[in-house]
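Undergrad:
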Amino acid sequence: MNNKMTNHLIDVRARALLTVRLTARSDLSVSELSQDSGFDFLVRVLKNGLVSNRMFGIVLKASVREYDAYSIALKREVIANYKDVPFPICLFFFYMDTDKGFYKWLVEPRLSTMGKPELGVSVKHSQSDTNNAFINPDDLIELNADTLDKLVGTVDSWYDARQ
């Protein structure tokens with residue numbers, strides 16, 4: 001099987017894993033986006049079963065095997081545009097050999113010391129590579145029901161603070 005086909009199959013499988021994980025929750029609506037948006041999915045948090053304007057973006061990456069991922073590359077130009085995005089963005093990463101999922105905030109929702117909602121780009125640029133920023137897989141948080149609850153709770157709290 002050629003490399004292009006392998007990459008396509010990894011991408012399809014990673015998208016399926018992400019969709020299954022997120023749609024297991026009844027309070028999330030998941031939409032896949034076009035390739036030129038800078039992220040792959042837009043997730044809306046439902047309120048009382050209805051779609052709300054509470055949302056976060058997801059950048060999806062994957063690796064065939066756990067030991068294959070030394071670092072995760074993200075294009076600097078895309079990350080530079082994240083400062084203009086008005087909502088949180090997360091990296092979701094899956095290993096195909098184990099189906100394990102992980103996440104890391106790229107544009108993190110947080111509260112200032114004064115309790116005001118803010119977004120912070122949390123990706124460090126590489127000094128040695130002018131085109132990419134890299135994320136160490138050790139910096140990722142394992143994705144499970146509890147951590148997904150925390151992730152959605154963080155998004156909800158951030159939107160609550162905006163009101």
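Numbered per our numbering, the sequence shown spans residues 1 to 163.
Ideal Cβ placement from N, Cα and C applies to all residues, glycine included.
Give the straight-line distance between the Cα atoms of leucine 91 and asparagine 48, rounded to the nearest whole angstrom.
TA: Locating residue 91 in the sequence shown gives position 91, counting from the first residue. Locating residue 48 in the sequence shown gives position 48, counting from the first residue. Their backbone Cα atoms lie some 27 Å apart in a straight line.
Undergrad: Can you find the residues in the same chain that come closer than 8 Å, C-beta to C-beta, to alanine 161, ignoring five residues on each side of it along the sequence?
TA: Sequence index remark: in the sequence shown, residue 161 carries index 161 (1-based). Leu111, Gly115, Lys116, Pro117, listed in sequence order.
Undergrad: Would you call the stretch 128-142 in contact with the stretch 68-87, where contact means no fewer than 3 C-beta pairs closer than 8 Å?
TA: The stretch 128-142 vs the stretch 68-87: in contact.
Undergrad: Below 8 Å on the Cβ atoms is my contact criterion, and I expect leucine 50 with aspartate 27 to pass it. Report the Cβ-Cβ distance as a whole number of Å.
TA: Within the sequence shown, residue 50 is the residue found at index 50, counting from 1. Within the sequence shown, residue 27 is the residue found at index 27, counting from 1. In fact, because the Cβ distance is near 10 Å, the residues do not count as touching under 8 Å.
Undergrad: Give, in chain order, every unbroken run of the alpha helix (DSSP H) that is at least 4 residues long and sits entirely within the stretch 17-83.
TA: You should have 76-81.
Undergrad: For glycine 153, does the count of other Cβ atoms within 10 angstroms reach 16, so buried, or fall short, so exposed?
TA: For the purposes of this step, residue 153 is taken as the residue at position 153 of the sequence shown. Answer is exposed; the Cβ neighbour count stays below 16.
Undergrad: Give a yes or no on whether the minimum CB-CB distance between aspartate 160 and chain C is below 9 Å.
TA: In the structure shown, chain C cannot be found, because there is only a single protein chain.
Undergrad: Helix, strand or coil: which one does DSSP assign to leucine 225?
TA: Beyond the ends of the chain as shown, which are 1 and 163, falls residue 225; an answer cannot be given.
Undergrad: Would aspartate 103 pass as a contact of phenylalanine 93 if the rule is Cβ separation under 9 Å?
TA: The residue you call residue 103 lines up with position 103 of the sequence shown. The residue you call residue 93 lines up with position 93 of the sequence shown. The question names aspartate, yet the displayed sequence has tyrosine at residue 103. Yes, Cβ-Cβ distance for tyrosine 103 and phenylalanine 93 is below 9 Å.
Undergrad: What are the start and end residues of the beta strand (DSSP E) that includes proline 88?
TA: As a working note, residue 88 is residue 88 in the sequence shown. Taken as a continuous stretch (DSSP letters only), proline 88 belongs to no beta strand (DSSP E), as it is neither H nor E.
Undergrad: Just the C-alpha distance for alanine 16 and valine 64, rounded to the nearest angstrom, thanks.
TA: Residue 16 sits at position 16 when you count from the first residue of the sequence shown. Residue 64 sits at position 64 when you count from the first residue of the sequence shown. Looking at the two C-alpha atoms, the distance is approximately 15 Å.
Undergrad: Following the continuous beta strand (DSSP E) through asparagine 132, name the residue where it begins and the one where it ends.
TA: The sequence position of residue 132 within the sequence shown is 132, counting from 1. First-last of the beta strand (DSSP E) with asparagine 132: 132-135.
Undergrad: For serine 31, tell me which candidate among Arg44, Ala24, Leu60 has the shortest Cα-Cα distance.
TA: In the sequence shown, residue 31 corresponds to position 31, counting from 1. Minimum Cα distance to serine 31 is reached at Arg44.
Undergrad: Should aspartate 146 be labelled buried (16 or more other beta-carbon atoms within 10 Å of its own) or exposed?
TA: Position 146 of the sequence shown, counted from the start, is the residue given in the question as residue 146. Under this definition aspartate 146 is an exposed residue.
Undergrad: Per the DSSP calculation, tryptophan 105 is bridged to which residue(s)?
TA: Taking the sequence shown and counting its residues from 1, the one referred to as residue 105 is at position 105. Partner(s): Cys90.
Undergrad: Reducing DSSP to helix, strand and coil, say where valine 121 ends up.
TA: The residue you call residue 121 lines up with position 121 of the sequence shown. Residue state, collapsed to three classes: strand.
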